[in-house]
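Colleague: Numbering (my numbering), first residue to last: 15 to 103.
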Amino acid sequence: MLNMLSGLFKKESSKDEAKNRLKLVLIQDRAMLPSGVLENMKDDILKVLSKYVEIEKSKLNIEVSPCDDDPRKIALVANIPIIKAGNRK
Numbered sequence: 015m016l017n018m019l020s021g022l023f024k025k026e027s028s029k030d031e032a033k034n035r036l037k038l039v040l041i042q043d044r045a046m047l048p049s050g051v052l053e054n055m056k057d058d059i060l061k062v063l064s065k066y067v068e069i070e071k072s073k074l075n076i077e078v079s080p081c082d083d084d085p086r087k088i089a090l091v092a093n094i095p096i097i098k099a100g101n102r103k
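1. Just curious, the beta strand (DSSP E) that Leu-90 is in, first and last residue?
2. Are any of the Cβ atoms in chain D nearer than 8 Å to that of Glu-70?
3. How is Ser-79 classed by DSSP in three states: helix, strand or coil?
4. Can you list, in chain order, the residues of its chain with a C-beta nearer than 8 Å to that of Cys-81? Leave out the 5 residues immediately preceding and following it.
5. Would you report the Cα separation of Glu-31 and Ile-76, rounded to the nearest angstrom?
6. Check the DSSP bridge columns for Glu-68 and list the partner residues they point to.
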């Protein structure tokens, strides 16, 4: 039972990590995103959202992944933890 639970919380191996990074590079290449564009998009999204909410930047995750319905298309997927909502302006 304990072995089953430890398997659930197992850290990704470096092989899997490298595989995921390569997938991301291939997806960005297929989408014809020049180097650095995703990072610039992330910065712009943060600037806009920061006007309205407080964001936990250390846990922010924005990535590109293939669309479920058509792998030739990509989707921008964002997980943006909000610490505090309200008028920040």
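Note that beta-carbon positions come from the ideal geometry of N, C-alpha and C, so glycine has one too.
All values reported here derive from a predicted model rather than from experimental measurement.
Modeller: On the basis of the data shown:
1. Element bounds for Leu-90: 88-93.
2. Protein chains in the displayed structure number just one, and chain D is not present.
3. Reduced to three states, the DSSP call for Ser-79 is strand.
4. If we look at Cys-81 and ignore the five residues flanking it on each side, its Cβ neighbours are Lys-87, Ile-88 and Ala-89.
5. Taking the straight line joining both Cα atoms gives about 16 Å.
6. Answer by DSSP bridge pairing, in chain order: Lys-98.
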